[in-house]
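Using the numbering used here, read the sequence shown as starting at 27 and increasing by one per residue. Note that CB positions come from ideal geometry on N, CA and C, so glycine has one too.
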Amino acid sequence: MTELLEQGLLKLGLTLSEKQLNQFVQYYELLIEKNKVMNLTAITEYSEVVHKHFLDSLSIVLSPVFRGEGRVLDVGTGAGFPGIPLKIAFPDLEVTLLDSLNKRVNFLIEVADKLGLEKIECIHGRAEDMGREEIYREKFDFCVSRAVAALPVLAEYGMPFIKKGGYFIPYKSIKIEEELKEATRAVKLLSGEIKDIVSFTIPNTEIERTLIVIKKTAPIAKIYPRKAGIPKKEPLI
Numbered sequence: 027m028t029e030l031l032e033q034g035l036l037k038l039g040l041t042l043s044e045k046q047l048n049q050f051v052q053y054y055e056l057l058i059e060k061n062k063v064m065n066l067t068a069i070t071e072y073s074e075v076v077h078k079h080f081l082d083s084l085s086i087v088l089s090p091v092f093r094g095e096g097r098v099l100d101v102g103t104g105a106g107f108p109g110i111p112l113k114i115a116f117p118d119l120e121v122t123l124l125d126s127l128n129k130r131v132n133f134l135i136e137v138a139d140k141l142g143l144e145k146i147e148c149i150h151g152r153a154e155d156m157g158r159e160e161i162y163r164e165k166f167d168f169c170v171s172r173a174v175a176a177l178p179v180l181a182e183y184g185m186p187f188i189k190k191g192g193y194f195i196p197y198k199s200i201k202i203e204e205e206l207k208e209a210t211r212a213v214k215l216l217s218g219e220i221k222d223i224v225s226f227t228i229p230n231t232e233i234e235r236t237l238i239v240i241k242k243t244a245p246i247a248k249i250y251p252r253k254a255g256i257p258k259k260e261p262l263i
């Protein structure tokens, strides 16, 4: 059952232990079982979960700054992507999963427990609120997010969590030119600088993706993030 995953991992330059491969299988089984009673993902076929969730999540290794070390926050993690695949593949990472729906957070806690994952925290809350909490504000080496919002909005969700010198790396589709233009002002206001744009195809698929590598260059202004709901209603464009 792990052969398909192993083939894709090789193309990302990754080799996992039997224990790690089995954790991915177990994660898949938990995901499908829980998906019967709550909406976690529309993607349920094993091969599609491997490619569109697992390998997509791990594709951050294609960025020039990610080394599988440090403290990572996953904003709007949903069913745990990309945070849990990253935690499985890089056990030394300290991972915090943030989601606004308590049911999903409870599922993530269950996954972490059954997979025996350590140094992982699952928290219920909105990014705009958590980004003002002293224990989370500017404390992370990396913030990641996948398919949550347009980049000007997403930047305000993620940048407050990153320490100076850290990176915000959102996962995007290949068509990001317009979003990048709209996000120029937001990134600057939020003490960020776009350092790299990494485009690629998910292994063994024709799905094109882009990682936007944004470096935090200075402490963020105290007015950010704005109150919950405002970044989406009034994006910094």
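Paired residues, beta bridge with residue i - DSSP
i, result
"T236", "K198, S225"
"I220", "I240"
"H150", "D125"
"Y72", "The partner list for Y72 (beta bridge, DSSP) is empty, contrary to what the question assumes."
"Y193", "F168, K241"
Close beta carbons around residue i, own chain, < 6 Å, minus the five adjacent residues each side
i, result
"E219", "K241, T243"
"E154", "P251, A254"
"L123", "D100, T103, G109, L134, C148"
"L56", "V137"
"V121", "V98, G109, K113, I146"
"P196", "S171, L180, I238"
Other residues of its chain near residue i: CB distance less than 7 Å, five sequence neighbours each side excluded
i, result
"Y162", "M156, F187"
"Y54", "Y72, V75"
Span of the beta strand (DSSP E) around residue i
i, result
"R97", "97-101"
"D167", "166-172"
"E120", "120-125"
"I249", "It is not in any beta strand (DSSP E) - I249 carries neither H nor E in the DSSP assignment."
Under 7 Å between C-beta atoms of residue i and residue j
i, j, result
"L143", "K165", "no"
"Y193", "V98", "no"
"S126", "R93", "no"
"E205", "L237", "no"
"K266", "P229", "Given that the chain is displayed from residue 27 to residue 263, the structure contains no residue 266 and the question cannot be resolved."
"Q46", "L141", "no"
"A105", "L81", "no"
"C169", "G184", "yes"
"L88", "F226", "yes"
Backbone CA spacing between residue i and residue j [nearest angstrom]
i, j, result
"E29", "E160", "43 Å"
"S217", "E95", "23 Å"
"R235", "I223", "10 Å"
"Q33", "F116", "18 Å"
"A181", "G39", "29 Å"
"V239", "L262", "19 Å"
Own chain partners of residue i with C-beta closer than 8 Å, once the 5 adjacent residues on each side are dropped
i, result
"I69", "V75, K78, H79"
"L119", "G94, E95, G96, R97, V98, L112, K113, K145"
Residue i, enclosing alpha helix (DSSP H) - first and last residue
i, result
"I114", "109-115"
"I256", "256-259"
"I58", "44-61"
"V213", "203-215"
"A181", "177-184"
"K78", "That residue, K78, is in no alpha helix (DSSP H); it is neither H nor E in DSSP."
"K37", "29-37"
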